[in-house]
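J.: Dumping the structure here so I can ask a few things about it.
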Amino acid sequence: MTRRATFLRSMAMIALVAAAATACTTGTQRMVGTGDVVVDRQRVMKLQGALFADIQDKYKAGNIAGIAVDAEALSITALQIPSLFPEGSLTEKSKVKPEAWQRWPEFEASAKNLAIWSERLRDASKDKDDKAVADIMKDFGRVACGSCHTPFRVPPPRTS
Ligand code: HEC
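Heads up: the sequence shown begins at 11 in my numbering, then just goes up one per residue.
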């Protein structure tokens with residue numbers, strides 16, 4: 011390789027590394043916020059609860075195509091989950107278990123998993139594929155939500 015080619019190569023590398031660094035910084039910046047991250051994430055989670063309830067209602071009513079918009083909103087909010095859990099944000103109002111930070115890669119993977127499941131549900135709903143939607147709905151609550159709540163959230167008090 012000529013010296014010039016080597017030089018161009020290293021310049022390209024530097025540009026790549028810089029781009030990756032920028033992407034990382036942007037990824038950890040929060041997009042919305044009241045200044046109280048616990049309030050913000052509980053608000054997002056309440057919305058996720060409402061979206062999932064809406065999905066279940068539409069599913070029961072046979073409104074398969076109507077599920078897509080909720081599933082898309084779930085997948086976008088799922089992508090925001092990791093940035094709403096900065097280290098050291100465990101207050102007495104929060105229901106997060108310290109394990110979330112001790113096993114952070116697992117927590118992040120669980121948020122990503124919700125995004126993937128939501129996208130699958132969105133696409134199956136858009137395609138009006140009743141069978142695919144039924145297959146996803148069968149496991150969604152347990153696999154997409156419960157797989158994070160069980161290890162990482164203090165269970166809410168039983169109401170019944
Ligand atoms: C990656 C982890 C993760 C995933 C995935 C996840 N949750 Fe949560 N959820 C949490 C944590 C942690 C809390 C407690 C947050 C706190 O109190 O600071 C929570 C809290 C909640 C709450 C209570 C909010 C409040 O304070 O009133 C609801 C409702 C909820 N989640 C619904 C859902 C639903 C529905 C799904 C799936 C569609 C889901 N969550 C997926 C981690 C997750």
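Think of the CB as a built atom: it goes at the ideal place given N, C-alpha and C, for glycine as much as any other residue.
None of these values were measured; they are calculated from a predicted model.
Below 7 angstroms CB to CB, which residues in the same chain sit around Val47 once its five sequence neighbours on both sides are set aside?
T.: Once the five neighbours on either side are set aside, the close Cβ partners of Val47 are Leu94, Pro96, Ser99.
J.: Relative to the C-alpha of Ile86, which candidate in Glu109, Ile65, Ile126, Glu118 has its C-alpha closest?
T.: Ile126
J.: Excluding the 5 residues flanking Gly156 on each side, which residues of the same chain have their C-beta closer than 7 angstroms to its C-beta?
T.: The beta carbon of Gly156 sits closer than 7 angstroms to no other beta carbon from its chain once the five residues preceding and following it are set aside.
J.: Considering only their Cβ atoms, is the gap separating Ala81 from Arg132 smaller than 7 angstroms?
T.: yes
J.: When the Cα atoms are used, what is the spatial distance from Thr160 to Ala121?
T.: 13 angstroms
J.: What residue range does the alpha helix (DSSP H) around Ser157 cover?
T.: 157-162
J.: Assuming Gly76 contacts Lys70 under a Cβ cut-off of 8 angstroms, what Cβ separation, rounded to an integer in Å, is found between them?
T.: Not quite, the Cβ-Cβ distance comes to about 12 angstroms (not below 8 angstroms), so this is no contact.
J.: From Asp149 to Gly45, what distance separates their C-alpha atoms?
T.: Between the alpha carbons of Asp149 and Gly45 lies a gap of roughly 35 angstroms.
J.: Using 7 angstroms as the threshold, is the C-beta distance between Arg163 and Lys105 below it?
T.: yes
J.: State the beta-bridge partners of Val106 as determined by DSSP.
T.: Arg163
J.: Please say whether Ala154 and Val143 have beta carbons closer to each other than 7 angstroms?
T.: no
J.: Is it the case that the CB of Ser104 approaches a heavy atom of the ligand HEC more closely than 6 angstroms?
T.: yes
J.: According to the neighbour-count rule (16 or more other Cβ atoms, all chains shown, within 10 Å of its Cβ), is Gln58 buried or exposed?
T.: buried
J.: By a C-beta neighbour count over all protein chains shown, 10 Å radius and 16 as the cutoff for buried, is Arg168 buried or exposed?
T.: exposed
J.: Given a cut-off of 7 angstroms, decide if Leu61 and Ser88 are closer than it, judged by their beta-carbon atoms.
T.: What sits at residue 88 in the sequence shown is Ala, not Ser. Result no, Cβ atoms of Ala88 and Leu61 do not sit closer than 7 angstroms.
J.: Whose CA, out of Val79, Met55, Ser128, Pro92, lies closest to the CA of Glu116?
T.: Distance check between Glu116 and each of Val79, Met55, Ser128, Pro92 places Pro92 closest, using alpha-carbon atoms only.
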